[in-house]
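Novice:
2 protein chains.
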Amino acid sequence: MRRVYAAGVGMTKIDRHYDKGFQELVHIAVKNLVDDVKMFSPEAIVVGNMMSSSLYQQDSLAALVADAAGLRGRGGFKVEAACGSGGHAVAAGYALIASGLYDQVLVVGVEKMSDYPTATTTSALAQAADFEHEAIYGVSFAALNALVMRLYMHRYEARREDLALWPVRMHEYGSQNPYAQLRNRITVEDVLKSAVIADPIRLMDSSPIGDGAAAVLLVSEDVARKVSDTPIQIVGVGMGSDGLDLTSREDLLNPMSVRIAAEKAYKMAGVEPMHIDVAEIHDAFTITALLSIEGLGFAKLGESWRFIKDGRFASGDKPSINLSGGLKARGHPVGATGVYQVAEIVMQLRGDFPGVKVGKAEYGLAMNTGGVATLTSVIILKR
Amino acid sequence: MRRVYAAGVGMTKIDRHYDKGFQELVHIAVKNLVDDVKMFSPEAIVVGNMMSSSLYQQDSLAALVADAAGLRGRGGFKVEAACGSGGHAVAAGYALIASGLYDQVLVVGVEKMSDYPTATTTSALAQAADFEHEAIYGVSFAALNALVMRLYMHRYEARREDLALWPVRMHEYGSQNPYAQLRNRITVEDVLKSAVIADPIRLMDSSPIGDGAAAVLLVSEDVARKVSDTPIQIVGVGMGSDGLDLTSREDLLNPMSVRIAAEKAYKMAGVEPMHIDVAEIHDAFTITALLSIEGLGFAKLGESWRFIKDGRFASGDKPSINLSGGLKARGHPVGATGVYQVAEIVMQLRGDFPGVKVGKAEYGLAMNTGGVATLTSVIILKR
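So the sequences go chain by chain: X and V. Per UniProt numbering, residue 1 is the first one in the first sequence, and the count goes up by one each step. Per UniProt numbering, residue 1 is the first one in the second sequence, and the count goes up by one each step.
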């Protein structure tokens, strides 16, 4: 297997960029990436995106990104795995290099979400769910997650205020990340008093709607040192799925997509959860953070909320989780998020992340999921 | 580089399947694939699809396909490159195996197009074009191709009746392909008398609107013989892009996406155009066939229409092109088409294609494109 490295990264600050289209957002991210590398000559492009088709009537997205990045002629495709599109795009980019097809692949995640009324964006987000059996009845994506959260609180006897600690921590980290969409600090009381979105999920349990683009340049071992003095190796890649229709799942609180993706990535990397120093995980809602932490093996089923209450997974712990502020505060431009995560882990392992730093770290993990943990990717990186 | 084989194929007859959803179409194709192999245990899924998001409000398509194929748990993603999604999905599947990540990957192309009024589907097809600079003004995808066709006729002094020979031939082949949507024979007069879609493109220059699914099981060399007695090797994979906005192109009649994808695939396979025995190329409109044949190097620029007039590329010639009936007659369920093409080439090289056969053949080629030759993939297979 050819070794694959993440040799450069670039991000756009996540925001409601009403004045920027796909091309402008991609251009900023790629420009920052170009400043991060010694050489920039990608031979192919993979784009992580969910909503260009439903919200912006734009397919052929790889060609749009090629032009925005000054790479006309280079081939490629868009990867869709709903809110997990970005992580899966990195997995596809990894494969394009490890296969020997290319030596340099540009992976770009980009999403525009904020131009429309929230109801329109909410409908588009519900496309992550099963349309024929769920979304067609008007259930929102938040409502599906609310069912899971209520079951979690019931089964594991977690109180609503316990589950408010996660977003408080995420906003604390987000406040120090210059690329984060939400940089205000919040309290448990703020969470509990915020508007109900879909009971028991409140506004401050929910990731914000925003626009953004992130870029990662993946390269083969042959060119890694020509492109960067500090290439970070991708040592594990895993993907998994669970039933699209929630009623058909084995266990709503133990999604098999996360278990399968994590098992594959750990095995390939030759590590276990205890070896991970720093992780970026999917926390579109507070409940998502708990399922992600448990699915990745950082806590047993039903344990993660207690660990969080005890201060675990915070800066300084192993693993430190979501020092970026996570989807909750860094933001969640859905199809771009997985690429942001990988970019952040690369910077953490290099020691130049511009927010809360992990300190000395060898292994980092990025976990991104589409739907209610329906399509999950896990990427493990090593310094 | 690990060797990759197409070890099994399955197709759904293309039709207006008003009574079948994505899951039913996928199920039929995969069931046929299962009958074609000795062992079926894919570890990952790649889905080629363009319109599930815009027409059916359904993302997370890889999870839907996993369930339809009885493969819950297996990870994967959807690949979008507009009408070229299927070919790019095969390219991504190739990479997932050649990379060493997996030994068996199921590539499924699926598209539902016929449930809506033609105007709705036409709008969705225009998403292949540049929305901000083209589609927003109401131009249809056929109209963009009509501009190219008119330029071709003008520059190369081709007459309208000369360009009617292609669809006549495609219907002849389609009439013998049990999976084809259009099985009626037509004459040059039929083409010239058919309704104008976007002058000079007429109805019978245009691929029909239909629903379908095709599946290809890609495997590593390690398991190829366990899965099939007649695995067909994928020896070349290329991808290329051209400007999304047609006004920005170097030359409308010489799309760089085709040149770049073909050059890469030929080089990797160690062959030249003259070595290809049988090919399935993209002919969404008659003009598309000409650009594809020339871009692949089977004819020089401006020459292909004369070659077709002389009977070249027909059954018995080298290469024989579109013995399936092509997009014109086999049909063009857009995101599935590239997977149909690869399945057909596999059967041609094995000698069991159930329509017009190429006879003895060593090298086959499948060329699929999204947009007006905006995103092109070229896959070369060897017996």
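Note that the Cβ used here is the ideal one computed from N, Cα and C, for glycine as well. Treat the numbers as computed from the prediction; the structure is a model and nothing was measured.
1. Mapping DSSP to helix, strand and coil, what is Val-30 (chain X)?
2. For His-17 (chain V), is the classification buried or exposed, using 16 other Cβ atoms within 10 angstroms of its Cβ as the cut-off for buried?
3. Can you tell me which residues form a DSSP beta bridge with residue 386 (chain V)?
4. Whose C-beta lies closer than 6 Å to the C-beta of Ala-299 (chain V) among residues of the same chain, with five residues either side of it excluded?
5. Kindly indicate which three-state DSSP category Ala-268 (chain V) falls into: helix, strand or coil?
6. Determine whether the beta carbon atoms of Glu-296 (chain X) and Gly-84 (chain X) lie at a separation below 8 Å.
7. Give a yes or no on whether the minimum CB-CB distance between Tyr-56 (chain X) and chain V is below 8 Å.
8. Could you check if Met-51 (chain V) is buried or exposed, using at least 16 other CB atoms within 10 Å of its CB as the buried criterion?
9. Starting from the beta carbon of Gly-371 (chain V), find every residue of chain X whose beta carbon is closer than 9 Å, and list them in chain order.
10. Would you kindly work out how many angstroms separate the C-alpha atoms of Phe-131 (chain X) and Ser-53 (chain X), rounded to a whole number?
11. Closer than 8 Å, CB to CB, is Tyr-116 (chain X) near chain V or not?
12. Considering only the alpha carbon of each residue, which of X:Thr-12, X:Phe-40, X:Met-367, X:Ala-126 lies closest to Ala-224 (chain X)?
13. Would Val-90 (chain V) be called buried (16 or more neighbouring beta carbons within 10 Å of its own) or exposed?
14. Mind checking if Gln-341 (chain X) is an interface residue toward chain V, Cβ cutoff 8 Å exclusive?
15. Taking the CB atoms as reference points, tell me whether Gly-174 (chain V) and Pro-333 (chain V) lie closer together than 8 Å.
16. Looking only at C-alpha atoms, which of X:Met-239, X:Val-278, X:Asp-283 sits nearest to His-171 (chain X)?
17. Of all Cβ atoms in chain V, is any one closer than 8 Å to the Cβ of Ala-284 (chain X)?
18. Using alpha carbons as the reference points, say which of V:Gln-233, V:Ala-66, V:Phe-285, V:Val-30 lies closest to Ser-206 (chain V).
19. Taking a contact to mean a Cβ-Cβ separation below 8 Å, would you say Gly-10 (chain X) touches Lys-38 (chain X) in this structure?
20. Going by alpha carbons, who is nearest to Glu-272 (chain X) out of X:Val-358, X:Leu-327, X:Leu-217, X:Leu-365?
21. For the stretch 288-316 of chain V, enumerate the residues whose C-beta is nearer than 7 Å to any C-beta of chain X, in chain order.
22. Considering only the beta carbon of each residue, do Tyr-363 (chain X) and Ile-276 (chain X) sit closer than 8 Å?
23. Taking a cut of 8 Å between CB atoms, which residues from the stretch 227-242 of chain X lie near chain V?
24. For Asp-245 (chain V), which option in X:Lys-13, X:Ala-7, X:Gln-23, X:Arg-2 has the closest C-alpha, if you only look at C-alpha atoms?
25. Quick one, which of V:Ile-45, V:Thr-120, V:Asp-36, V:Gly-87 has its alpha-carbon nearest Gly-236 (chain V)'s?
26. Applying the criterion that 16 or more other CB atoms from any shown protein chain within 10 Å of the CB defines a buried residue, is Gly-316 (chain V) buried or exposed?
27. So with Cβ pairs under 8 Å, would you call Arg-3 (chain X) a contact of chain V?
28. Taking the straight line between their C-alpha atoms, what separation do you get for Lys-264 (chain V) and Met-239 (chain V)?
29. Does the CB of Glu-80 (chain X) have a neighbour CB from chain V at under 8 Å?
30. In chain V, which residues lie with their C-beta within 8 Å of the C-beta of Met-256 (chain X)?
31. Check the DSSP bridge columns for Asn-368 (chain X) and list the partner residues they point to.
32. Touching or not, the stretch 346-363 of chain V and the stretch 317-325 of chain V, by the rule of three or more beta carbon pairs under 8 Å?
33. What residues are listed by DSSP as bridge partners for Asp-211 (chain V)?
34. Would you say Ile-380 (chain V) faces chain X, with C-beta separation under 8 Å as the test?
35. Would you verify that the beta carbon of Tyr-152 (chain V) is, or is not, closer than 8 Å to some beta carbon of chain X?
36. Taking 8 Å as the threshold (beta carbon to beta carbon), is Gly-355 (chain V) in contact with chain X?
Specialist: Straight from the coordinates:
1. helix
2. buried
3. Residue 386 (chain V) falls outside the range modelled here, since chain V spans only 1 to 383, and no answer is possible.
4. Ile-293, Phe-307
5. The question names Ala, yet the displayed sequence has Met at residue 268 (chain V). Note: Met-268 (chain V) maps to helix in three-state DSSP.
6. The identity of residue 296 (chain X) in the sequence shown is Leu, whereas the question assumes Glu. Taking 8 Å as the Cβ cut-off, Leu-296 (chain X) and Gly-84 (chain X) do not qualify as a contacting pair.
7. yes
8. buried
9. Asp-59, Ser-60, Ala-63
10. 16 Å
11. no
12. X:Phe-40
13. buried
14. no
15. no
16. X:Asp-283
17. no
18. V:Phe-285
19. no
20. X:Leu-365
21. none
22. yes
23. Val-237, Gly-238, Met-239, Gly-240, Ser-241, Asp-242
24. X:Gln-23
25. V:Gly-87
26. exposed
27. no
28. 7 Å
29. yes
30. Arg-72, Gly-73
31. X:Ser-377
32. yes
33. V:Asp-15
34. no
35. no
36. no
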